[in-house]
Amino acid sequence: MPQIAKDSGIGREALYKALRPDASPRFDTVARVSKTLGVKLVEQRLVV
């Protein structure tokens, strides 16, 4: 986790808070962590 925080440019404590089960992280936080992990976020329309 410390390396992910460093590589994404997010403070370690802020990253832990953002990833708590009861948290609602901002989209830019999720996007930065995803990019750091090599995960591509894709928007997809839901068929309801």
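Per the numbering used here, the very first residue in the sequence shown carries number 17; after that it's consecutive.
We put the CB at the ideal spot given by N, CA and C, even for glycine.
The structure presented is a predicted model; accordingly, all values stated were derived computationally and were not measured.
On a CA-only basis, which of the options is nearest residue i? Give me that one, please.
{"i": "F43", "options": "L57, Q19 and R28", "result": "L57"}
Would you report the Cα separation of residue i and residue j, rounded to the nearest angstrom?
{"i": "D23", "j": "L35", "result": "16 Å"}
{"i": "P37", "j": "V64", "result": "26 Å"}
{"i": "T52", "j": "I20", "result": "7 Å"}
{"i": "R61", "j": "S40", "result": "21 Å"}
{"i": "E29", "j": "V46", "result": "15 Å"}
Are residue i and residue j close, meaning C-beta to C-beta below 9 Å?
{"i": "G27", "j": "R48", "result": "no"}
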